[in-house]
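Reviewing the structure listed below.
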Amino acid sequence: EFGKRGGRFPAYTPIVAGGENACVLHYIENNQDLNESDLILVDAGCEYKMYASDITRTFPVGGKFSDEQLAIYNIVLEANKAAIDAVKTGNNIMEPQVISEKVITRGLVEVGILNGNPEELHKEGAFKDFYMHKIGHWLGLDVHDVGDYMEDGEFMQFKPGMITTIEPGIYISSSMNVDDKWKGIGVRIEDDILVTNDGNINLTEKVPSCPKEIESLMA
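The sequence shown begins at 1 in this note's numbering and counts up by one.
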């Protein structure tokens, strides 16, 4: 499929992780059977004219999200959208990170996985058991492109022409102390965002992330 559209090579080794394997951040064995009730997380991108892409989508193997899968998915989708909105000239690069953490913390409280005040839980870092990575990285000639994140001791501000990934996630392994109905759910939604003078452009928005659209495509 890459080759048909002019992309000669994958930009990196794809991650195709079903069920609990989606809770392994850089799972690349890609050799396990998929179950009808699983979610599958696909993190893949091609190299086009020497530039890399980096996209992640999560969808139900059986074509329909369970109630628990959909609840987690919607939290991640909200975090993705809120973080993308924060990618704009003049904002510092940590703003999308903090926004995504707060959305995910609040969402986990709302579904009963975390208990307490969302603001206090965020300050305590309670989300880190479920969302343990950064919101994104520079994207360009390499998938994890070179470039500083600090400038004069401060986090850099976004500038027109920069491209960053935005990739919040929630990962609930079977070893975690949560209700069994949540165990084995791993969701990440990743887009590639170009900073412009007056906002941003989502370069990967044509890849569906709306759950209803995903279920429709899977039908």
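Ideal Cβ placement from N, Cα and C applies to all residues, glycine included. Computed from a predicted structure; not experimentally measured.
Residue i, enclosing alpha helix (DSSP H) - first and last residue
{"i": "residue 43", "result": "No alpha helix (DSSP H) holds residue 43; the beta strand (DSSP E) holding it covers 39-44."}
{"i": "residue 106", "result": "95-110"}
{"i": "residue 84", "result": "67-85"}
{"i": "residue 214", "result": "211-218"}
{"i": "residue 123", "result": "118-124"}
Proximity test, Cβ basis, 9 Å: residue i and chain B
{"i": "residue 158", "result": "Going by chain labels, chain B is absent from the structure shown, which holds only one protein chain."}
Opening and closing residue of the beta strand (DSSP E) in which residue i lies
{"i": "residue 194", "result": "191-196"}
{"i": "residue 55", "result": "55-60"}
{"i": "residue 201", "result": "199-202"}
{"i": "residue 22", "result": "Element bounds for residue 22: n/a, residue is neither H nor E."}
Cα-Cα separation between residue i and residue j, rounded to whole angstroms
{"i": "residue 81", "j": "residue 99", "result": "10 Å"}
{"i": "residue 156", "j": "residue 89", "result": "11 Å"}
{"i": "residue 35", "j": "residue 204", "result": "28 Å"}
{"i": "residue 115", "j": "residue 170", "result": "16 Å"}
{"i": "residue 103", "j": "residue 64", "result": "24 Å"}
{"i": "residue 58", "j": "residue 52", "result": "20 Å"}
{"i": "residue 19", "j": "residue 185", "result": "6 Å"}
{"i": "residue 85", "j": "residue 160", "result": "15 Å"}
{"i": "residue 91", "j": "residue 148", "result": "15 Å"}
{"i": "residue 27", "j": "residue 139", "result": "21 Å"}
{"i": "residue 125", "j": "residue 2", "result": "39 Å"}
{"i": "residue 145", "j": "residue 176", "result": "33 Å"}
{"i": "residue 153", "j": "residue 162", "result": "20 Å"}
{"i": "residue 62", "j": "residue 120", "result": "38 Å"}
{"i": "residue 73", "j": "residue 183", "result": "14 Å"}
Cβ pair residue i, residue j closer than 9 Å
{"i": "residue 87", "j": "residue 193", "result": "yes"}
{"i": "residue 133", "j": "residue 167", "result": "yes"}
{"i": "residue 190", "j": "residue 56", "result": "yes"}
{"i": "residue 22", "j": "residue 187", "result": "yes"}
{"i": "residue 196", "j": "residue 54", "result": "no"}
{"i": "residue 42", "j": "residue 16", "result": "yes"}
{"i": "residue 14", "j": "residue 30", "result": "yes"}
{"i": "residue 210", "j": "residue 77", "result": "yes"}
{"i": "residue 83", "j": "residue 136", "result": "yes"}
{"i": "residue 172", "j": "residue 127", "result": "no"}
{"i": "residue 141", "j": "residue 50", "result": "yes"}
{"i": "residue 179", "j": "residue 75", "result": "no"}
{"i": "residue 181", "j": "residue 110", "result": "no"}
{"i": "residue 60", "j": "residue 218", "result": "yes"}
{"i": "residue 158", "j": "residue 93", "result": "yes"}
{"i": "residue 105", "j": "residue 96", "result": "no"}
Task: Minimum length 3: unbroken beta strand (DSSP E) runs contained in the stretch 147-191 - done: 163-166, 169-172, 185-188
Open item on the list: Taking contact to mean 3 or more Cβ pairs, one atom from each stretch, closer than 8 Å, check whether the stretch 29-48 and the stretch 3-12 are in contact.
Closed with: yes
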